[in-house]
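In terms of numbering that gives the first Met the number 0, the sequence shown opens at residue 0 and continues consecutively.
Heads up: the structure comes next, in structure tokens.
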Amino acid sequence: MAHKHVGVMLMTYGSPTTLDDIPAYLKHVYGGRTASPEVIAEFRRRYGLIGGSPLLHITREQAAALQEELNNFSEDGTTYSVGAGMRFAPPFIADVTPEIAADAQHIVGIIMSPQYSPLIMKGYVRTLEDAVAELHCDDLKLSISRDWHMQPSFLQALAERVQQALDGFPPDVRERVAVLLTAHSMPKRVVEQEPDYINNLKETAAAVARLVGLADEQWMFCYQSAGHTPEEWLKPDFADIMPELQK
């Protein structure tokens, strides 16, 4: 029996590596249009406040850990190579694809957003499909994962992080600590076309709250990081809720 090798691509949005990378990053996000100086300045301010984004580092660590796990527990001799590719920043999905496809008979794409929407995630699907087509390997199979927002291990990992944060408070006040479970905001017009995506987000939040044992009045689902466009974005927004918690 021929040896089987599978390439796995972890796909995420991407982020600028340095502050100087922000203009090029935004140009990719905006489909080739140059961002205004005001938007670039605001992104520089935000990334400067947090000391840059750890997204690439984290995703590469996840890829390395997944590759080790898959190879250690492979029961039929199948081997795996796992890479991390970004949509809007280096290393781009198209650049990483040849690396994971070397000697592979099957490519598996995993979008690192647990909730799936055909409309919102189609860019990842199209990008990986195009990258695989460029390899001109007719026998190379491609599969792309859908949603995994209710996977028990994923939910347990989130619940443990919430519990760790709550454990930092004295026991006598812990039950009065407000817990905000947030998701990245998006334009309201997009969500109106894909309501299932928001339902999936809320399902994840509710499942995590149950695992932690949060009372209904102790937690809230909200959005953060709304974009710099005049259109309406999703509510409630994290920034609007925080001042209310002081009252």
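Yeah, the Cβ is synthetic: ideal placement off N, Cα and C, and Gly gets one too.
Being a predicted model, the structure only gives us computed values, none of them experimental.
query: Do asparagine 199 and histidine 135 have their C-beta atoms within less than 8 Å of each other?; result: no
query: Which whole runs of the beta strand (DSSP E) in the region 130-185 are 3 residues long or more, in chain order?; result: 140-143, 178-183
query: Quick check on the burial criterion: 16 or more other C-beta atoms within 10 angstroms. Buried or exposed for valine 211?; result: buried
query: Going by the CB atoms, is the gap between glutamine 217 and valine 159 shorter than 8 Å?; result: Here residue 159 is glutamate; the residue named in the question, valine, does not match the sequence. Their beta carbons are not under 8 Å apart, which means glutamate 159 does not touch glutamine 217 by this criterion.
query: With 16 other CB atoms within 10 Å as the buried threshold, where does valine 172 fall?; result: exposed
query: Select from Val7, Glu202, Ser224 the residue whose C-alpha is nearest the C-alpha of alanine 101.; result: Val7
query: Excluding five sequence neighbours on each side, which residues of the same chain lie with their C-beta closer than 8 Å to the C-beta of aspartate 236?; result: Ser184, Cys221, Tyr222, Gln223, Ala225
query: Spell out the partners DSSP gives aspartate 236 in its beta bridges.; result: Tyr222
query: Give the secondary structure of phenylalanine 42 by DSSP, where H, G and I count as helix, E and B as strand, and everything else as coil.; result: helix
query: What is the DSSP secondary structure of leucine 9, counted as helix, strand or coil?; result: strand
query: Does the Cβ-Cβ distance between methionine 10 and isoleucine 106 come in under 8 Å?; result: no
query: Using CA coordinates, which residue listed in Ser116, Ala64, Leu139 is at the minimum distance from aspartate 195?; result: Ser116
query: Considering Cα atoms alone, identify which of Ser14, Asp137, Gly76 is closest to alanine 83.; result: Ser14
query: Beta-carbon separation of valine 124 and isoleucine 143 under 8 Å?; result: yes
query: Histidine 105 bridges to which residues according to DSSP?; result: Val5, Lys140
query: From the DSSP output, in three-state form, read off glycine 84 for me.; result: strand
query: Straight-line CA distance for arginine 59 to proline 36?; result: 31 Å
query: To the nearest angstrom, report how far apart proline 90 and lysine 187 are at their CA atoms.; result: 30 Å
query: Thinking tyrosine 79 and glutamine 66 are a contact (beta carbons under 8 Å), I'd like their distance in whole angstroms, please.; result: 6 Å
query: From the DSSP secondary-structure annotation, give me the bridge partner or partners of isoleucine 110.; result: Met10
query: When DSSP labels each residue in this structure, what does tyrosine 123 get in the three-state scheme?; result: helix
query: By alpha-carbon positions, which one of Met241, Gln114, Gly108, Tyr46 ends up nearest to isoleucine 21?; result: Tyr46
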